[in-house]
Amino acid sequence: MILLPCPWCGPRDADEFGYAGEIRPRPDPSTTTPAEWRGYLYLRRNTAGWTRERWFHRMGCRRYLVLERDTTNNDVRPSTDASSGSGS
Amino acid sequence: MAEAYSALALLRHGVTGRSWTPMWRERPLERGYPVVIIGGGVHGLATAYYLAANHGVTNVAVLDKGYLGGGGSGRNTAILRSNYLTVEGVRFYDRSLELYRGMASALNFNVMFSRRGHLTLAHSDTSLRTMRWRAEVNKASGVDSEVIGPDEVKRLVPEMDTSATARYPVLGALHHPPGGIVRHDAVVWGYARAADRLGVHLHQHTEVTGIEVSGGRVTGVRTNRGPIATPVVLNATAGWASTVSDMAGVPLPVQTFPLQAAVTEPVKPFLRTVVVSGTLHVYVSQTARGELVFGASVDPFASYSTRGSLEFTEGLAGHVLQLMPSLAKLRLLRQWAGLCDMTPDFAPVMGATDVAGFFLDVGWGTYGFKAGPVAGEAMAECIATGQTPEIISAFGLDRFAQGRLVGEKGAAAVGH
Amino acid sequence: MSMRLGPRVGEVIDRDEPLSFTWNGRTYPGYAGDTIASALAACGVRVFSRSFKYHRPRGLLTASHLDPGCMVQVDDEPNVRGAHRRVRPGMDVRSQDTWPTLSFDVKAANELARRMLPAGFYYKTFMSPGWLWPAYERVLERFAHGGVVGPGKVSALDGNERYDKRHAHPDVLVAGGGPAGMAAAVTAARSGCSVMLVEEELELGGHLRWGDDVDLTALSELRGRVAATPGIEVLTDAVVLGRYDGNEISVLQRGLPHVAERLVKARARTLVAAPGLIERPYVFAGNDVPGVMLSTAVRRLVNLHAVKPGDRAVVLTANADGDATALDLERAGVEVTRVDARRGGDVTRALGRGRVRAVELGDGRRVECDLLVTATGWTSAVSLLTMAGDQPRYDDTAARFRPDASRLPSDVMATGGVVGDGSCAQLVAHGEATGREAARRSAQSSVTASAAPPPLPVEPHPALFRGRTHGMVDFSEDVSSKDLFTAVEEGFRCPELAKRYTTATMGPAQGKLESVNVVAIIAEATGAAIAETGTTTWRPPYAPVSLGALAGRLREPTRLSPLASWHHSHGAAPLVAGAWIRPDHYGDPVAEAASVRDGVGIIDVTPIGKIDLRGPDVSRLLNLVYVNKWSKLEVGRVRYGVMCGEDGVVIDDGVTGRLAEDRYLMSTTSSGAVTVWEWLESWLQTERPQWRVHATPVTTSYASINVAGPRSRDLLARVVDDVDVAPEAFPYMHVRTGRLAGVPGCVVWRIGFTGELSFELHVPAGYGLHVWERLLEAGRDLGVRPFGVEAQRILRLEKGHLIVGQDTDATTKAYGAALDGLVKLDKDDFVGRPELSWGGQPGDGQRLVGLRMSPDSLVPAEGSQLLDHRGLICGRVTSSRLSPALGRAVCLAQVEAALAEPGRQVTVRLVDGGTARAAVTEQLAQVDPEGVRLRA
Amino acid sequence: MPETTPVIHGPVAPAPPVGVLAGWAVSRRRSGAALTLSDHSLLAKAAVKAPWQGALADVLAVPFAGTLRRTAASTELLLTQPGPGEWLVLAPPGEQTALVTWLERCAADVDELVSVLDVTHGLCLVRLTGAAAPDLLAKECALDLSERRCPDRTALRTAVSRVAADIIRDDRDGNRSYLLACERSSGQYLFDSLLDAGAEYGVEVTGFEPPGVTEQTARAD
Ligand SMILES: Cc1cc2nc3c(=O)[nH]c(=O)nc-3n(C[C@H](O)[C@H](O)[C@H](O)COP(=O)(O)OP(=O)(O)OC[C@H]3O[C@@H](n4cnc5c(N)ncnc54)[C@H](O)[C@@H]3O)c2cc1C
Ligand SMILES: NC(=O)c1ccc[n+]([C@@H]2O[C@H](COP(=O)([O-])OP(=O)(O)OC[C@H]3O[C@@H](n4cnc5c(N)ncnc54)[C@H](O)[C@@H]3O)[C@@H](O)[C@H]2O)c1
Ligand SMILES: Cc1cc2nc3c(=O)[nH]c(=O)nc-3n(C[C@H](O)[C@H](O)[C@H](O)COP(=O)(O)O)c2cc1C
Ligand SMILES: [Zn+2]
């Protein structure tokens, strides 16, 4: 089980978290076009390498976190809280 | 010319001690090919074979960065079935099963297709309802598939705990008699040998590092062994599909997830059916060698790592023992992982793209081995004729931009 | 014929504790401390199994855990390593996969056809006629090589057959309790680390245990240091199974008092691998005849178990261990012929079948003997290191692959024989240096590698893999060097392909014994160097591990309502709904439904998700996540809402009530409770962090009871303390808070999922049972009865209320669920809006409709398909029941939009293949479509 | 008004003999075992949410991941902050009104969004006491609960027996002791799971022993 560095709780087993996927900017829904919106919904960069993604620490601080992870070997870098951009 | 295989040939070789000719040859990498297929898995090889066999396009190169079948094709649990949820799905996979049934003689290679029946267990009324839905779609499409009760499950799998007090009681199952397993490596080798005999070039340890596109058309690929000029490139790289598509500038609705599997030490045959439980995230079959082959659902987060995890084996064992408590002393021998190119609707992405000459046969997720033959047949036709065959018309990339996803999502959980 | 020797200095058997057990039905003696194999060998048994393909008789090869020749069935346990497992009194040991007996095995006839059965022969035959293949398949299956499991053979998990797990967090975990490992553990512990020292064998000591007096002195000194050092947890008869990401290390611990086996899941700050060397077999003709053994096997048998492995031995030696073995044998009274490989000596063939009778030497001599010992080299036990990313490199001097520690992550180190050679003192010193460095790394918050201990010397060793003849390479898979040559010839030049074609290294030993030989022979066949040929991939587990141990104690989280025990004692049929166990019915769901239509019933709906929402921005949140409008919801009112995903697909529904200015209670579907809450949090934390809202899941703070039926108000009136339930005071779709049956803090919603007048009571959970019983008591004269999920399903279907996930699927958008009226596109933003604004065109996708069957009493199975006039599938029945209220079938169905108009006819394809007609109904509701009853 | 005061049932079926304490059906079993497990669900419990490091946080004065004992509203309270800006406050049985009132008063004094929820019924709370408690928990929980990483007065949230739970290290008389809180519906499962895991250490169930709360007359259930 990989360990994820929660900015609040410290390193925790990944199964305490929910994976919310790579971070994608949400187009402005009032001006978006079908093509752009569906790109947002379905297309993924799916990078083999370092990615920025969101995780939810379900069994811990209950915060959404922003994490950088190398998808080729699951190495991780320190994370931040999704809303404040900082942790403890 | 390679010789044909038969019992007689075995006998002849045995008596004379004469050696066998290679199943495929190592050939020089040419500067250009009319068709370059990236990915030497079942999809790439089948496409090459059908291009040559059905359309006379023989001057084809199949490039693989590793060894043949080293991707998902060499590490999948080899479960074949056609009891899908949508009409498109059923028709498509049923054609594939048909090709599998005739494969040994078509390829003159025994792929050991074992028709042993496929059971998808229902542990809740909800899944029972989905089973019924699937059974009815299957039957309406002429595919043998029926919902059976716990007693019948017990008859097919005596080890199964079908008691009503189980934490996840077996309320019934979708039984699909034509389903089964195949020797996955044999399928890869069979296609490779047959394609090689028709003139296809198989280049192992040849990694594509770039795709040349000019004026909206593919003009060539770059590899670690030098450039190749080509007007047609097929991306058949499954788990790596996004990395290759990126080279052509075609973004995909794909996320790569590891899928793990494991085998036990061999024991005497006792399990004659393929058993799948979506609720418990496990599927199991026993091979002719006696080992049990297990799979589960994909890892909970996207990754290109195939190292595998401990929790996978823990979860797997717990779930298997809930189904068959008598297996506690059986030992797990090896675990491994492969990469799955998951799409939002659990259906593949096949056909042409906006980049002329760049074709896709990706999005095979956890279920693409069984589709190898039909996908190869259809992609060969698509490439050779420039027309999208009817059987794959539902699977085009443009469905995402149009918001017309395939309904297979409904029965997603653990399919195989 | 006893082969038991007199007492040895280092022996592990207890001669004061004799015992007996059975082998293939016959009783044999042994001593405590014997393995199954040593006890049998002491009685002169030489054949323990038959080989996989050719059923050749097999004897001991390594006399250790890895021995491929000694896999046996013990009681109900298959594939037991007989050369590792301690024999116990009364054990029932049997040989596996032999028929009729071990000594006369019919399948040995395969050997005759051996030339026709080369590697992968099955790919080349049995192809025609195709219909015969299933019969061939049955024949092939008979060759499955292993023990037996199945009903009646393997017992269920009970008593001391239970399995267990625990977590551990050692600073340093040392894998391997040989001299290097012991030294590393002691030094790390002395540096202040918590250490876990894991040894696969039954005692610490590694190779020292079967060594000479000098070794034994070193052994007892090291064991003494381990025992005297605090902070070391020693696990013997425990094997490190794998190293995973995050330095998670799995260890299987055996021989414990409380459990059969225990899986230890250790998160080590630093892993020190000290697994030593494994002696490799030599490939030549007849190398699998019983009586051909490795030198370590002989030394184990002689020095640990006091067993004489033969009377006349030939020892092929290429190293000091071989020389020492010859001396050990001589001391045990065995006549020894030495063949020194360092001086060109070689063995070309072992002759004999059930046992060695003679050996042909390289110089043409033939020596009569009953034991052939080979000491031709080592394999580094690199598998744990490769799991950590190492890629071992072939070392020409040492003639073995050695770890390339440069690729190791900083939290993994290696010491001892696995990295190099040297005297015992040098290995111990290396272990100490490694232990010290491991301690240093463990103390850092982020581990960095610094000075690695100075390398161990590498002693030259002749490159002996295959001799002049072909022989067995993979003993458990019956793969010979000839097979590998054939594979290469046929194009399988890459080791990964040759492995899969021949199955070499795919058996129970997983190549720990034979992978170097496999690589060397492939290299020989392809003409490449060993170094560039490379090995196949190592994978966990290091040693096969029981499913029981991996599973541990079988427990699945289960959620219970406060009323669960009441349901149980009142005959409720359990319905497994995810983690919840709910009452499906109490015997008669139809009567239960009828009581709701005619009088009053109560149902436990505790699993309904409940989320407490507070703050000034709640209504903005509701406007965002629901498709309908929420800004104008007044205090005291509830509203039904539907949530969609960003793709417009319906994900959940429920009612939300406004309890106070800034306080709301949201309800969700039972299965959606957790996902909806996380969904709200994701909007609040990532997209709208400026909004001031607190969302707290409170699902099981309350027992939730729905009181439904025309008499529900009468009943409720009898239990409320301070809530006015009169129709004017408490209208439909309103919420009140107050005291019920003496219980403060209750929330009451007037809603109507069942289509009847009904109230949903949310009662502080600890009072749930009290309120439930009060309702039953107070309503006795009203005929109140509890109803279960099935009755509720009937009722809601009569009323045409959809269930998300049943009447919708993962592609159903809001309008496909007949919720067009609810979707308010004039809101500027809500989740799903873009898709819903583009995709709602008539004729697009499927729609939820009601169906009227003809004949109208025909109840099609849920999941039945609908066909259009061309006979093509155009939809499906999503819900269907016989309505007790109407006496006919009531159905909901998803049907293509073009057909979703009242009165349109479709064909229903029935489960038995027959068909029936059905018509799309005017509305979804079949009972009280005007909604008079729930507004009563 | 009803004639009898209703009995409150906790999430864990009480081991016999059963009595009533502060309105709750409780086990009156007393065990002297070295490792004991007892249901503490009857304690008054409040969940508080407020900005992390905000004004209320200053008032409550318990650090994130820590605990604090203090007296307020004339009862002894155990304050914990197992999540950032999420407090769990415990008070003796029957004191939930006083507890919530006090917290709401604190909230009224600060200018920020605060929610105070009475979760007395919503959570299951058990206490595990004895030197072997960390060994037992090591079977059910992946976190390092050693003295070094989880000293007395630590509060954290993690998975125990695969259920999300707060672990509050709250030693008693120098004896290792942990309070474990999970949502109520999983309480029985968690309790059984701990008992099962602890069998090899001889864990026994013992009833709740209150400091300073008047007992009502026992009523068998
Ligand atoms: C554990 C597991 C179990 C499964 N079980 C089943 C099952 O039971 N039934 C079923 O139907 N399906 C199953 N699947 C899915 C199935 O294995 C795959 O969908 C299928 O094998 C895909 O085949 P492919 O030929 O498209 O791709 P692959 O076999 O993955 O081949 C892709 C090839 O592309 C090569 N490649 C990648 N990038 C490059 C590059 N840049 N240059 C050159 N070559 C490149 C790779 O080396 C690889 O060999 C399973 C998958 C896994 C991992
Ligand atoms: N292999 C040989 O016979 C050989 C050859 C040359 C020298 N030596 C001598 O052997 C010693 C080498 O010392 P060493 O400590 O490196 O090796 P060692 O072989 O003495 O000890 C290694 C120990 O690790 C254990 N082990 C291996 N894998 C394990 C796993 N996954 N989990 C748990 N335990 C595992 C083994 O059972 C063994 O007891 C020196 O004294 C040296 O002189 C031995
Ligand atoms: C259907 C199937 C059966 C397998 N059976 C065995 C087996 O009996 N023994 C074994 O060692 N490996 C077995 N494997 C696993 C392979 O050895 C290997 O792990 C897998 O192909 C992945 O390759 P890798 O481990 O080299 O990455 C099997 C794989 C599959 C797909
Ligand atoms: Zn956290």
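Protein sequence lines, in the order shown, are assigned to chains F, P, U and A.
Per the working numbering, residue 1 is the first one in the first sequence, and the count goes up by one each step.
Per the working numbering, residue 89 is the first one in the second sequence, and the count goes up by one each step.
Per the working numbering, residue 505 is the first one in the third sequence, and the count goes up by one each step.
Per the working numbering, residue 1441 is the first one in the fourth sequence, and the count goes up by one each step.
C-beta: ideal position from N, C-alpha, C; glycine also.
In the DSSP assignment, find the unbroken alpha helix (DSSP H) run with phenylalanine 1631 (chain A) in it and report its ends. 1627-1638
If you count every other CB in all the chains shown that lies within 10 Å of the CB of serine 107 (chain P), and 16 or more means buried, which is it? exposed
Can you list, in chain order, the residues of the segment 29-42 of chain F whose Cβ is nearer than 8 Å to any Cβ on chain P? Taking 8 Å as the Cβ-Cβ cut-off against chain P, the residues of the segment 29-42 of chain F that qualify are Pro34, Ala35, Arg38, Gly39, Leu41 and Tyr42.
Cβ of aspartate 850 (chain U) within 9 Å of Cβ of aspartate 867 (chain U)? yes
Candidates U:Tyr1319, U:Gly1256, U:Arg1351 and U:Leu960, of which the one nearest alanine 1402 (chain U) by Cα: U:Arg1351
C-alpha distance - valine 793 (chain U) paired with leucine 968 (chain U), whole-angstrom precision: The alpha-carbon atoms of valine 793 (chain U) and leucine 968 (chain U) are separated by roughly 19 Å.
Distance CB(valine 584 (chain U))-CB(glycine 680 (chain U)) smaller than 9 Å: no
Got a sec: which bits of the segment 1079-1100 of chain U sit with their beta carbon under 9 Å from any beta carbon on chain A, in order along the chain? Of all residues in the segment 1079-1100 of chain U, only Ala1083 and Trp1084 place a beta-carbon less than 9 Å from a beta-carbon of chain A.
On a CA-only basis, which of P:Val276, P:Glu469 and P:Pro413 is nearest leucine 1058 (chain U)? Give me that one, please. P:Pro413
Interface partners of leucine 398 (chain P) on chain F, CB under 9 Å: Met1
Below 8 Å, how does it come out for the segment 323-342 of chain P and the segment 369-379 of chain P: are there three or more Cβ pairs, yes or no? no
Should glutamate 1060 (chain U) and arginine 204 (chain P) be called a contact, given that it needs their Cβ atoms to be closer than 9 Å? no
Can you check whether the C-beta of tyrosine 1144 (chain U) is within less than 9 Å of a C-beta belonging to chain C? Protein chains F, P, U and A are contained in the structure displayed, whereas chain C is not.
Going straight from the alpha carbon of valine 364 (chain P) to that of serine 607 (chain U), what length do you get? 40 Å
Restricting to Cα atoms, I'd like to know which of U:Pro561, U:Ala1164, U:Val1146 and U:Arg1196 is closest to glycine 1176 (chain U). The residue from U:Pro561, U:Ala1164, U:Val1146 and U:Arg1196 with its alpha-carbon nearest to that of glycine 1176 (chain U) is U:Val1146.
Less than 9 Å between CB atoms is the rule here; does isoleucine 1338 (chain U) satisfy it with respect to chain F? Residue identity differs from the one stated: residue 1338 (chain U) is proline in this sequence, not isoleucine. So, interface residue.
Rounded to whole angstroms, what is the Cα-Cα separation between tryptophan 1276 (chain U) and histidine 369 (chain P)? 37 Å
Within 9 Å, strictly: CB atoms of arginine 1421 (chain U) and valine 1410 (chain U): yes
Note the first and the last residue of the continuous alpha helix (DSSP H) segment covering isoleucine 471 (chain P). 460-473
Could you tell me the distance, in whole angstroms, from the CA atom of leucine 1619 (chain A) to the CA atom of leucine 1496 (chain A)? When only Cα atoms are considered, leucine 1619 (chain A) and leucine 1496 (chain A) end up about 24 Å apart.
Please compile the residues from chain A whose C-beta is within a distance smaller than 8 Å of the C-beta of serine 1069 (chain U). Ala1453
In terms of residues, what are the limits of the beta strand (DSSP E) holding asparagine 46 (chain P)? Nothing in the structure corresponds to residue 46 (chain P), since chain P is present only between 89 and 504.
What three-state label does DSSP hand glutamine 348 (chain P) in the structure shown? strand
Looking at chain U, which residues of the segment 1621-1632 of chain A have a Cβ within less than 7 Å of any of its Cβ atoms? Glu1623, Arg1624, Ser1625, Ser1626, Gln1628 and Tyr1629
Flag aspartate 675 (chain U) as yes if its beta-carbon sits less than 9 Å from any beta-carbon of chain F, otherwise no. no
Check whether the Cβ of leucine 3 (chain F) lies closer than 8 Å to any heavy atom of ligand 4, and answer yes or no. no
Could you confirm whether any beta carbon from chain P is found closer than 9 Å to the beta carbon of arginine 44 (chain F)? yes
Check whether the Cβ of arginine 12 (chain F) sits closer than 8 Å to any heavy atom of ligand 4, and report yes or no. yes
On the CB-based measure, 16 or more other CB atoms within 10 Å of its CB, does threonine 104 (chain P) come out buried or exposed? Classification for threonine 104 (chain P): exposed.
Closer than 7 Å, Cβ to any Cβ of chain U: which residues of the segment 465-492 of chain P, in chain order? Gly491
When you compare each of P:Ile471, P:Phe483 and P:Glu478 to valine 505 (chain P) by their alpha carbons, which one comes out closest? Outside the displayed span of chain P (89 to 504) sits residue 505 (chain P), for which this structure offers no information.
Could you give the first and the last residue of the continuous beta strand (DSSP E) run that contains glutamate 1210 (chain U)? A small correction: the amino acid at residue 1210 (chain U) is asparagine; glutamate does not occupy that position in the sequence shown. Counting along the chain, the unbroken beta strand (DSSP E) around asparagine 1210 (chain U) starts and ends at 1206-1212.
When the cut-off is 9 Å and only beta carbons count, does tyrosine 1618 (chain A) lie next to chain U? Answer no: the Cβ-Cβ gap between tyrosine 1618 (chain A) and chain U never drops below 9 Å.
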